[in-house]
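The next block holds one structure in the form of structure tokens; read it before the comments.
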Amino acid sequence: MTGPLKIGNHLLANPVLLAPMTGVTDLPTRKLVHKLGAGLVVSEMVASRELVNGRKDVKRRAEGSQLDPFVIQLVGSDADLMAQAATIAQQCGAQIIDINMGCPSREVTGKLSGSALMRDLDHAQSLIDAVVNAVSLPVTLKMRLGWDHKTINASELAIRAQQSGIKLITVHARTRCQFFKDTADWNAISKVKDVVDIPVIANGDIKTPEDAKAAMESSKADGVMIGRGAYGAPWLPARIASVLVEDFDPGPPSRDTQRDIAITHVEDLLVHYGTFLGLRNARKHMGWYIEQCINLDKESLKAWRRLLCTNDNPKQTLTDLARCFNDPTSLADMELCA
Ligand SMILES: Cc1cc2nc3c(=O)[nH]c(=O)nc-3n(C[C@H](O)[C@H](O)[C@H](O)COP(=O)(O)O)c2cc1C
Numbered sequence: 017m018t019g020p021l022k023i024g025n026h027l028l029a030n031p032v033l034l035a036p037m038t039g040v041t042d043l044p045t046r047k048l049v050h051k052l053g054a055g056l057v058v059s060e061m062v063a064s065r066e067l068v069n070g071r072k073d074v075k076r077r078a079e080g081s082q083l084d085p086f087v088i089q090l091v092g093s094d095a096d097l098m099a100q101a102a103t104i105a106q107q108c109g110a111q112i113i114d115i116n117m118g119c120p121s122r123e124v125t126g127k128l129s130g131s132a133l134m135r136d137l138d139h140a141q142s143l144i145d146a147v148v149n150a151v152s153l154p155v156t157l158k159m160r161l162g163w164d165h166k167t168i169n170a171s172e173l174a175i176r177a178q179q180s181g182i183k184l185i186t187v188h189a190r191t192r193c194q195f196f197k198d199t200a201d202w203n204a205i206s207k208v209k210d211v212v213d214i215p216v217i218a219n220g221d222i223k224t225p226e227d228a229k230a231a232m233e234s235s236k237a238d239g240v241m242i243g244r245g246a247y248g249a250p251w252l253p254a255r256i257a258s259v260l261v262e263d264f265d266p267g268p269p270s271r272d273t274q275r276d277i278a279i280t281h282v283e284d285l286l287v288h289y290g291t292f293l294g295l296r297n298a299r300k301h302m303g304w305y306i307e308q309c310i311n312l313d314k315e316s317l318k319a320w321r322r323l324l325c326t327n328d329n330p331k332q333t334l335t336d337l338a339r340c341f342n343d344p345t346s347l348a349d350m351e352l353c354a
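Sequential numbering of the sequence shown, starting at 17, is according to the working numbering.
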């Protein structure tokens with residue numbers, strides 16, 4: 017295993033990062049995953065133009081001053097706006113800024129940002145330069161392998177990024193045109209690793225400690241980033257870190273601990289967003305928790321989901337969530353057939 021991972025002056029506790037995921041890695045979720053032992057957690061992407069314009073929901077995504085290190089990910093296509101947004105991010109307390117050149121969504125690439133930047137490396141580098149020069153913080157970059165299989169250019173972008181002062185690169189081992197299809201090609205990341213001296217993080221389809229070991233080996237990366245594998249399993253990055261760093265797999269926490277983590281998570285979401293929005297944000301997490309943690313047959317999973325995800329009463333929802341963990345067979349026939 018490689019030595020400790022450093023981003024600027026920030027020495028990470030371990031080389032396992034939580035991926036930025038819009039609609040998922042809000043502040044309560046990042047705080048939880050970090051507290052459980054992830055080496056680094058990254059904000060949802062923050063649109064530079066909207067941050068500069070002070071849009072309320074976008075400003076909320078840029079919250080995180082209770083985290084150390086506190087990373088804000090920016091996305092955009094205009095160098096001036098990216099520089100202004102980076103300055104605002106620094107004022108918000110960010111200690112590291114990540115630039116998103118990996119998002120495949122049409123809404124983002126249509127504005128020539130996210131992974132669309134991999135089609136125009138001069139423009140991509142001008143954005144990197146703008147951000148690096150605007151702040152006194154370390155700046156990192158997240159990218160894909162390229163736009164499509166005919167234009168794999170992650171290594172070229174990585175070399176330019178390093179020249180411009182980027183301190184760490186994460187590669188999601190798919191092209192933009194693959195979106196989330198096929199499997200991540202961890203081996204392709206090794207080509208990026210070969211051409212830069214800064215740390216490289218492997219991302220894509222890492223859902224188990226075994227995946228993480230295999231990804232480290234084929235990519236030769238300095239660490240891994242976990243996204244969807246942490247759905248309903250916020251302890252997974254810490255568990256993987258233990259395997260990679262200490263060669264010891266503690267396994268998942270006990271069912272009771274999982275229940276307590278899930279309940280605290282939902283309570284934190286209710287405090288962060290208020291009851292109405294909090295419950296709506298908590299629903300996907302509750303669905304993932306019960307799917308991940310409890311061995312339910314298809315019908316029962318559906319019924320518990322319906323029960324947990326349609327109730328507008330937070331107290332009752334928390335009681336039902338605990339009941340699902342404690343006694344998964346306790347659904348009345350009526351609830352099963354609803
Ligand atoms: C719901 C969702 C939202 C995402 N949002 C972002 C984002 O805001 N910024 C980003 O760089 N990548 C985003 N991604 C991509 C992830 O960071 C990650 O690269 C991808 O999911 C592959 O990793 P995984 O296989 O471990 O999930 C998102 C992915 C998902 C599933």
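No residue lacks a Cβ here, since even glycine has one placed at the ideal position from N, Cα and C.
Is residue j closer than 8 Å to residue i when the C-beta atoms are compared?
i, j, result
"residue 144", "residue 157", "yes"
"residue 124", "residue 91", "yes"
"residue 211", "residue 237", "no"
"residue 241", "residue 35", "yes"
"residue 126", "residue 119", "no"
"residue 285", "residue 20", "no"
"residue 46", "residue 80", "yes"
"residue 250", "residue 52", "yes"
"residue 55", "residue 83", "no"
"residue 278", "residue 256", "no"
"residue 184", "residue 137", "no"
"residue 177", "residue 202", "no"
"residue 206", "residue 235", "yes"
"residue 312", "residue 320", "yes"
Excluding the 5 residues flanking residue i on each side, which residues of the same chain have their C-beta closer than 7 Å to its C-beta?
i, result
"residue 165", "191"
"residue 17", "Its pLDDT being 45, under 50, residue 17 is placed unreliably in this model, and the value from its coordinates should be taken loosely. Same-chain partners within the cutoff: 260 and 261."
"residue 78", "59, 62, 67, 88, 105 and 108"
"residue 333", "295, 324 and 327"
"residue 50", "57 and 83"
"residue 252", "242, 245 and 246"
"residue 208", "170, 171, 174, 185, 187 and 216"
"residue 30", "55, 257 and 261"
"residue 330", "286, 291 and 295"
"residue 199", "221"
"residue 307", "248 and 317"
"residue 193", "163 and 164"
List the residues that DSSP assigns as beta-bridge partners of residue i.
i, result
"residue 241", "33 and 219"
"residue 156", "114 and 184"
"residue 58", "87"
"residue 162", "168"
"residue 23", "26"
"residue 63", "91"
In angstroms, rounded to a whole number, what distance separates the CA positions of residue i and residue j?
i, j, result
"residue 159", "residue 182", "12 Å"
"residue 38", "residue 345", "34 Å"
"residue 316", "residue 295", "21 Å"
"residue 338", "residue 225", "28 Å"
"residue 26", "residue 342", "41 Å"
"residue 128", "residue 220", "23 Å"
"residue 222", "residue 231", "7 Å"
"residue 272", "residue 247", "18 Å"
"residue 258", "residue 239", "12 Å"
"residue 288", "residue 40", "14 Å"
"residue 48", "residue 281", "7 Å"
"residue 70", "residue 122", "24 Å"
"residue 171", "residue 270", "42 Å"
"residue 149", "residue 266", "43 Å"
"residue 97", "residue 264", "45 Å"
"residue 298", "residue 115", "27 Å"
"residue 22", "residue 28", "6 Å"
"residue 347", "residue 95", "55 Å"
"residue 99", "residue 141", "13 Å"
"residue 314", "residue 322", "12 Å"
"residue 275", "residue 135", "45 Å"
"residue 75", "residue 283", "22 Å"
"residue 233", "residue 204", "12 Å"
"residue 42", "residue 195", "22 Å"
"residue 300", "residue 293", "12 Å"
"residue 254", "residue 197", "27 Å"
"residue 111", "residue 310", "38 Å"
"residue 85", "residue 335", "34 Å"
Leaving out five residues on either side along the sequence, give the residues of the same chain with a beta carbon under 8 Å from the beta carbon of residue i.
i, result
"residue 113", "87, 88, 89, 90, 102, 105, 106, 147, 151, 153, 154, 155 and 156"
"residue 213", "178"
Looking only at its own chain, which residues have a Cβ that is under 6 Å from the Cβ of residue i, when we skip the five neighbours before and after it?
i, result
"residue 133", "117 and 140"
"residue 93", "127, 128 and 129"
"residue 64", "90, 92, 97, 98 and 101"
So which residues touch the region around ligand 1, with touch meaning a C-beta under 6 Å from any heavy atom? 35, 36, 37, 38, 39, 40, 60, 61, 89, 116, 118, 119, 158, 188, 219, 220, 221, 222, 242, 243, 244 and 245
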